[in-house]
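Heads up, the sequence shown is in my numbering, so the first residue is 17 and it goes up one at a time.
Right, one structure below, let's go through it.
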Amino acid sequence: MKKIITKADIRAHLEREMTRFLDKGGRVEEIPRGLSGHENGQSMMLPSRRLFIEPSLERTPIPEVVAAIEARRKSALKRTPAPKRNRRPQRRQKTIYDDFGEPLRRVWVDD
């Protein structure tokens, strides 16, 4: 069975990696509090504008494929009514009461 990695294991692993990095001569820079990580303080509102420089291409409509997909979707949405089962009337016991509400006897009745 595979051992489940706990948060304590992850913390210990990160601590070992950090000490190994510092022992090899690595340096950790201290950054003042409140300083932005973005270049020149620019916000990342629209990152797609910087990533994709080429103009967007015109899409080619394929009506046959779209029609086939729509037909499949509509056929999946159609619901066929559940077949009605012909049930035989079930027998049950019915209690016969007298004029005063006292039970007299039980009889079997077909519904």
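Every residue, glycine too, gets a C-beta built ideally from N, C-alpha and C.
CB contact flag (R95, D126, <8 Å): Sequence index remark: in the sequence shown, residue 95 carries index 79 (1-based). Sequence index remark: in the sequence shown, residue 126 carries index 110 (1-based). No, they are not a contact pair.
Coil, strand or helix - A35 by DSSP: The sequence position of residue 35 within the sequence shown is 19, counting from 1. Inspection of the sequence shows that residue 35 is occupied by Thr rather than by Ala. Looking at T35 - three-state DSSP - the assignment turns out to be helix.
Extent of the continuous beta strand (DSSP E) to which L120 belongs: Position 104 of the sequence shown, counting from 1, holds the residue named residue 120. From DSSP, the beta strand (DSSP E) with L120 extends over 119–126.
I47 in three-state terms, based on DSSP: Residue numbering aside, residue 47 sits at position 31 when the sequence shown is read from its first letter. Note: I47 maps to coil in three-state DSSP.
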